[in-house]
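Everything below concerns the one structure shown next.
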Ligand SMILES: [Zn+2]
Ligand SMILES: [Zn+2]
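Laid out in structure tokens, this is it:
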């Protein structure tokens, strides 16, 4: 299967992701993704001019880390938040997952996937824009392609449940725990990151 290189900014954490026949690429404008980028000090790198984060949605089993795995770090904005994986060496966002492996989804953040041209070549154009109400501005709506992209991706997730392949993931142990200790932001950290927006 064709693969696409994955790497943090400083080059310590490396890996690859399988390139699907049809990519599911989207931009998330939610407040939490913006808060996260500000907390890591990477807002300029991560967010587009309207506060959006470009992500490639795929199954965790398609992601493999190769070098520098000890740099992998994980945080949540709140106790109930999703897991936000990043490279601790240089604070490069890597991807976001659910809090348990039972929902086999990872949204890989563009910052670990190279240039916009390389991302487009492997994963196609942006097909979904979500949480546009929190955008700074008015991202163009794309209702039809959005529905099509979702319709293509959801069966993939369901299939991974049915065939048990959701257990293959670089983010969780066989027992279903995150591979590294998750850090939850404290109130002061969260408020500061929110105010930075
Ligand atoms: Zn790094
Ligand atoms: Zn978001």
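In the numbering used here, the protein residues as written are 973 to 1169. From the three backbone atoms N, C-alpha and C, an ideal C-beta is built for every residue, glycine too.
Item, Value
"First and last residue of the uninterrupted beta strand (DSSP E) at residue 1103", "Note, residue 1103: premise wrong, no beta strand (DSSP E); not H, not E."
"Any non-hydrogen atom of ligand 1 closer than 8 Å to residue 1112 Cβ", "no"
"Backbone secondary structure at residue 1131 - three-state DSSP", "helix"
"Candidates 1013, 1044, 1008, 1085, of which the one nearest residue 1053 by Cα", "1008"
"Rounded straight-line distance, which links the Cα of residue 1011 to that of residue 1120", "33 Å"
"Alpha carbon of residue 1136 to alpha carbon of residue 1042, nearest angstrom", "27 Å"
"Quiz: which residues have CB nearer than 5 Å to ligand 1 non-hydrogen atoms", "980, 982, 984, 1059, 1061, 1062"
"Sequence-distant residues of the same chain with beta carbon closer than 6 Å to residue 1001, five excluded per side", "1023, 1024, 1103, 1104, 1106, 1107"
"In chain order, each beta strand (DSSP E) run of at least 3 residues that lies wholly inside the region 1050–1103", "1055–1059, 1064–1069, 1078–1081, 1100–1102"
"Outcome for residue 1050 when other beta-carbon atoms lying within 10 angstroms are tallied against a minimum of 16", "exposed"
"Residue 1077 Cβ short of 8 Å to ligand 2 heavy atom set", "no"
"Residue 973 versus residue 1034: straight-line alpha-carbon distance, rounded", "10 Å"
"CA nearest to the CA of residue 1004, picked from 1155, 1056, 1129, 1082", "1056"
"Residues that DSSP places opposite residue 1026 in a beta bridge", "999"
"6 Å Cβ shell around residue 1031 - same chain, five flanking residues per side excluded", "1076, 1132"
"Near ligand 2: residue 1046 beta-carbon under 8 Å from a heavy atom", "no"
"Inter-residue spacing [alpha-carbon to alpha-carbon] between residue 1167 and residue 1093", "36 Å"
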